[in-house]
Structures are given as C-alpha cells and as structure tokens.
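Visitor: Position 4 of the sequence shown, counting from 1, maps to 4 under my numbering, and the rest follow consecutively. Beta carbons: idealized from backbone N, C-alpha and C, even for Gly. Input: one structure, supplied below.
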Amino acid sequence: MSIKILKLSVGKGKHRIHSVAIITADGIIVNLAGGERPHVGAVSISIPRRSLKDPSKLSASSSVFTLVGHKDDEIARPFSEKLSKELNQVVVVVAGIHVEQATNNDIKCLILNSMQIAENLVEKLKSIIKPSSNSHGT
Numbered sequence: 001m002s003i004k005i006l007k008l009s010v011g012k013g014k015h016r017i018h019s020v021a022i023i024t025a026d027g028i029i030v031n032l033a034g035g036e037r038p039h040v041g042a043v044s045i046s047i048p049r050r051s052l053k054d055p056s057k058l059s060a061s062s063s064v065f066t067l068v069g070h071k072d073d074e075i076a077r078p079f080s081e082k083l084s085k086e087l088n089q090v091v092v093v094v095a096g097i098h099v100e101q102a103t104n105n106d107i108k109c110l111i112l113n114s115m116q117i118a119e120n121l122v123e124k125l126k127s128i129i130k131p132s133s134n135s136h137g138t
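Written out as structure tokens, the structure is:
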C-alpha cells in the first residue's frame, strides 16, 4: 500500500476544523487544526486491542501528551480512539484548535465538528483500508 492523503473540513468561521490524514501501511496520522489560531496543542496515539469486557470487540489503549495550558487532548484522545477501534489501526492525532474567549457553545461546536470529521474519515477509510493479517487488535 502506498501512502494516501485525505483532507476534510467541517464547520464555518471560527468553528471550522481542518484535517489532513496520512494513511500508511502501518497506521494513520491525522492533523486536526482550526478555530482562530491553529497550533500544536496535544498528541494522542491509540493502539487497537481486544476489549477487556468483551474480547469479540475492539477497544484501544491510548497515550496522550498535552502542552501545558492546552485542552486539545479533549479532542485528540476520543478522535484517535474512535479511528483506532473502528479501523483496527494505530492512529496518531496532532490537535490544535483555539478560539479566544471560547464560550461553552463554542467548545461544544468545535468538539461536534471534530467528531464529525472522525465519522467522515471512518466512512471514507473503510473503503481504503483492507483488513489484513497485520491487524493490531485481532
């Protein structure tokens, strides 16, 4: 499999989120950026594994590094875990989304837009990524 690049955006104005996904033979790297000042705020890596509660299902183990004073881990971790579990791939997410004086509504909108990108990526990547014997969780 050669490297594939997929770009998606969701939302408008200060709530717009952009993503660039790099799909490799051994995993997926996603950059999520948006708001008024895109930056690097958190990095999450999720590795698929069998669920401890139900071994017939996939789960993910994650490690997160968050820059001091940033809250981007609140998007990076669920995003990487969703892709990892649903696609059975190692997933790295670099997230940096900032809105000055963000209200609760701003935060909710940014999270919803980010997770909409995750949904869209899963749907698009299911047709690109084929299950193989190199699967991580099964």
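Are there 16 or more other CB atoms within 10 angstroms of the CB of Glu100, so buried, or fewer, so exposed?
Guide: As a first step, residue 100 is located in the sequence shown; it is residue number 100 there, counting from the start. Classification for Glu100: exposed.
Visitor: To the nearest angstrom, report how far apart Glu123 and Thr103 are at their CA atoms.
Guide: Position 123 of the sequence shown holds residue 123. Position 103 of the sequence shown holds residue 103. In a straight line, the C-alpha of Glu123 is about 31 Å away from that of Thr103.
Visitor: My parser needs the beta strand (DSSP E) runs of 3 or more residues fully inside the stretch 21-46; what are they?
Guide: Fully enclosed beta strand (DSSP E) runs of 3 or longer: 27-35.
Visitor: For the alpha helix (DSSP H) containing Lys14, name the first residue and the last one.
Guide: Taking the sequence shown and counting its residues from 1, the one referred to as residue 14 is at position 14. Counting along the chain, Lys14 falls outside any alpha helix (DSSP H), and DSSP gives it neither H nor E.
Visitor: Using the Cβ count rule (16 or more neighbours within 10 Å means buried), how would you classify Glu119?
Guide: Position 119 of the sequence shown, counted from the start, is the residue given in the question as residue 119. By the beta-carbon neighbour count (other beta carbons within 10 angstroms, threshold 16), Glu119 is exposed.
Visitor: Would you check if the distance between the CB atom of Ala42 and the CB atom of Ala76 is smaller than 8 Å?
Guide: Taking the first residue of the sequence shown as position 1, residue 42 is located at position 42. Taking the first residue of the sequence shown as position 1, residue 76 is located at position 76. Remark: C-beta atoms of Ala42 and Ala76 approach each other more closely than 8 Å.
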